[in-house]
Amino acid sequence: MDYQQVLNEIYSEITPFVGKGKVADYIPALARVDANQFAMAVVTIDGKVFSVGDSATPFSIQSISKALTFTMAFAKHGDRVWERVGKEPSGNAFNSLIQLEYEQGIPRNPFINAGALVISDLILSLYDNPLESLRGFARELSANSTIDYNAEVALSEMEHGNRNAALAYFMRSFGNVTHNVDQVLNFYFHQCSLEMTAIDLARSFLFLANHGVIPNTGRRVLTQSQAKRTSALMLTTGLYNESGEFAFRVGIPAKSGVGGGIVGVIPQLLAVAAWSPALNKYGNSTAAFEALERFTTKTGVSVF
Ligand code: GLN
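Numbering (our numbering) for the sequence shown: 7 to 310.
And the structure:
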């Protein structure tokens, strides 16, 4: 399969979608990002890299980090994570408070904000140096030792994070957040501020396409069963309340973030990332969504 040819075609067709929607202006540091950027990258399990557009530009991975922190928690804590968080789609916006009250502070899944905050709380218990461990993990997965947090983005979210604070305090009242809320938010906003290029991002998710083993190094991160479950969760919940539409149109497990990135995996084959900052009403990148739909349509590869 000539993936470069497919990416070139997508790149030539995607212009009408780039800049459509609006950047995540509820995070002031992200409001300044130029909406007219687009990148796409494919990394295969056997290490081949294909890319187009602004694929050397790092961007804020935001909620995509939820798949990384969930992996860190699942790897160490196993099935006990399900005592704290569910595995069903929420059908609500990523930052919604609504289900938490009648479901006693147990978030529907780890990929909405409430679920990710619980996972952050768990990581604070499981790791001695949580921020260092996460950064190290992101560097290991991406094979890029320059991956880092963006302190300005983290601070900007901290200063405008009332909604996430409300979620965390509310869950603390049910005992499902155990640390001091500021500590949890500080970890959570830093994880969201991690920056990667489209190539870094695609490479970072290859372990899920490879039954839980990082192809580069051979290190097993998750058991085969855990990798299957994590990918299944991405398929059903990775794009919040647009996960059904994404599965319908694109047909692969994926995770999005309000930085405009979406990364997906095709088991046994590759990981593919697309990035463009302007978001649709669900907080998912309009152009990245469109590009990924074209990718699975043109190549005929998906999980279905
Ligand atoms: N940091 C963002 C928030 O908490 C992440 C949301 C997202 O990417 N969907 O609102």
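C-beta atoms are modelled at their ideal positions from N, C-alpha and C, and glycine is treated no differently.
Only a predicted model underlies this, so the values are computations on that prediction, with no experimental measurement involved.
When you measure from the CB of V39 to every non-hydrogen atom of the ligand GLN, does any distance come out below 7 Å?
Taking the first residue of the sequence shown as 1, we reach residue 39 at position 33. V39 Cβ: outside cutoff for every heavy atom of the ligand GLN.
Flag this pair as yes or no: are the beta carbons of F44 and D60 separated by less than 8 Å?
In the sequence shown, counting from the first residue as 1, residue 44 sits at position 38. In the sequence shown, counting from the first residue as 1, residue 60 sits at position 54. Taking 8 Å as the Cβ cut-off, F44 and D60 qualify as a contacting pair.
When the Cα atoms are used, what is the spatial distance from I112 to S18?
Taking the sequence shown and counting its residues from 1, the one referred to as residue 112 is at position 106. Taking the sequence shown and counting its residues from 1, the one referred to as residue 18 is at position 12. Each residue's alpha carbon lies about 44 Å from the other.
CB L103 to CB L147, shorter than 8 Å?
As a position in the sequence shown, residue 103 is number 97, starting the count at 1. As a position in the sequence shown, residue 147 is number 141, starting the count at 1. Not in contact: L103 and L147 (Cβ atoms no closer than 8 Å).
Hey, is the stretch 159-171 in contact with the stretch 195-213, meaning 3+ C-beta pairs nearer than 8 Å?
yes
Do P259 and S231 have their C-beta atoms closer together than 8 Å?
On the sequence shown, residue 259 is found 253 positions in, with the first residue counted as 1. On the sequence shown, residue 231 is found 225 positions in, with the first residue counted as 1. Going by C-beta atoms, P259 is not nearer than 8 Å to S231.
Does the beta-carbon of Q68, which I'm using as the reference point, lie nearer than 7 Å to any heavy atom of the ligand GLN?
Sequence index remark: in the sequence shown, residue 68 carries index 62 (1-based). Yes, since a heavy atom of the ligand GLN falls inside the 7 Å radius drawn around the Cβ of Q68.
Assign Y6 to buried or exposed, taking buried as 16 or more other Cβ atoms, counted over all protein chains shown, within 10 Å of its Cβ.
Here the chain covers residues 7 to 310 and nothing more, so residue 6 does not appear.
Measure the beta-carbon distance from I268 to H166 and round it to whole angstroms, keeping in mind my assumption that it falls under 8 Å.
For this step, residue 268 is matched to residue 262 along the sequence shown. For this step, residue 166 is matched to residue 160 along the sequence shown. That pair is no contact at about 24 Å.
Classify M7 as buried or exposed, calling it buried when 16 or more other Cβ atoms lie within 10 Å of its own Cβ.
Reading the sequence shown from its first residue, position 1 is the one you call residue 7. The residue in question, M7, is exposed, as its Cβ has fewer than 16 Cβ neighbours within 10 Å.
Alpha carbon to alpha carbon, how far is K72 from K261? Give it in angstroms, no decimals.
The residue you call residue 261 lines up with position 255 of the sequence shown. The residue you call residue 72 lines up with position 66 of the sequence shown. Approximately 8 Å, taken between the alpha carbons.
For K26 and A284, what's the separation of their Cα atoms in angstroms?
On the sequence shown, position 20 is the one that residue 26 refers to. On the sequence shown, position 278 is the one that residue 284 refers to. Their backbone Cα atoms lie some 6 Å apart in a straight line.
Starting from V159, trace the alpha helix (DSSP H) both ways and give me its first and last residue.
On the sequence shown, position 153 is the one that residue 159 refers to. It spans A157 to E165 - the alpha helix (DSSP H) in which V159 sits, taken as one unbroken run.
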